[in-house]
């Protein structure tokens, strides 16, 4: 995949599959569970962290290797096996079935990529280089994490309340933008130690 369209997928209650049970799969599983997805794993073995999730009943696990037909009924699939041939087969089946699939370490075989994510007090920022340089994206993610201001969650709540107040009002879009800008400027002044 060379070009893409960034989206946030609503996965609550969606059936998602991980083929592979290692550390990469663990990271994907944790994000899927946090998004409310129903997660199944197919792998001959699980990492200790995935083993715990399985024992708690947070994921289902089929202790075996991938077989053609395993993707039936899934909305989204991660091919995260340590075997590139297996990952390629998973990607091919997903493509044939029209299922969203991320083949780890192979953007060209994927129908979607997973960005680096910074979550900070209710704000989510996703960063991607389209698979060109995950290392650079990781550096940018760490930089953002260390530079986002504290109190951002409070500002988001204020802006959300104001947005609800203004929905359905006859105020123009430009006037709404001006009000939001004033709220943000007021917050910045307060955060920088100035007087509101």
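Residue numbers (the working numbering): 1 to 196.
Even for Gly, the Cβ is constructed at its ideal location relative to N, Cα and C.
Whole-angstrom C-beta distance between residue j and residue i, which should lie under 8 Å
i           : j           : result
residue 64  : residue 49  : About 20 Å; that fails the 8 Å criterion.
residue 21  : residue 43  : 3 Å
residue 118 : residue 144 : 5 Å
residue 4   : residue 113 : 6 Å
residue 121 : residue 153 : 3 Å
residue 80  : residue 132 : Not confirmed; about 20 Å, so no contact.
residue 90  : residue 77  : 6 Å
Rounded separation between residue i and residue j - CA only
i           : j           : result
residue 105 : residue 19  : 14 Å
residue 10  : residue 37  : 9 Å
residue 149 : residue 187 : 11 Å
residue 107 : residue 30  : 21 Å
residue 7   : residue 134 : 19 Å
residue 183 : residue 95  : 46 Å
residue 142 : residue 82  : 27 Å
residue 146 : residue 157 : 22 Å
residue 61  : residue 185 : 50 Å
residue 1   : residue 87  : Reliability fails at residue 1, whose pLDDT of 42 lies under 50, so the model's placement of it is uncertain and the value that follows must be treated cautiously. Rounded to the nearest angstrom, the two C-alpha atoms are 16 Å apart.
residue 176 : residue 75  : 38 Å
residue 130 : residue 45  : 30 Å
residue 52  : residue 109 : 31 Å
Neighbourhood of residue i by C-beta, 6 Å cutoff - its chain only, sequence neighbours within 5 removed
i           : result
residue 195 : Because the pLDDT of residue 195 is 45, which lies under 50, any placement of that residue in the model is unreliable, and the number read from its coordinates should be weighed accordingly. None.
residue 155 : 187
Residue i in three-state terms, based on DSSP
i           : result
residue 109 : helix
residue 46  : coil
residue 203 : The requested residue 203 is not part of the displayed model; the chain covers only 1 to 196.
residue 33  : helix
residue 15  : strand
residue 140 : helix
residue 79  : strand
Spatial neighbours of residue i in its chain, beta-carbon cut-off 7 Å, leaving aside the 5 residues before and after
i          : result
residue 23 : 47
residue 97 : 71
residue 33 : 39 and 58
residue 93 : 68 and 71
Cutoff 8 Å; reference residue i; Cβ partners in own chain excluding five residues on either side
i           : result
residue 115 : 6, 126, 127, 128 and 137
Answer yes if the stretch 99-118 comes into contact with the stretch 57-75, meaning at least three C-beta pairs across the two stretches below 8 Å, and no otherwise.
yes
Taking three-plus beta-carbon pairs below 8 Å as touching, is the stretch 127-141 in contact with the stretch 152-165?
no
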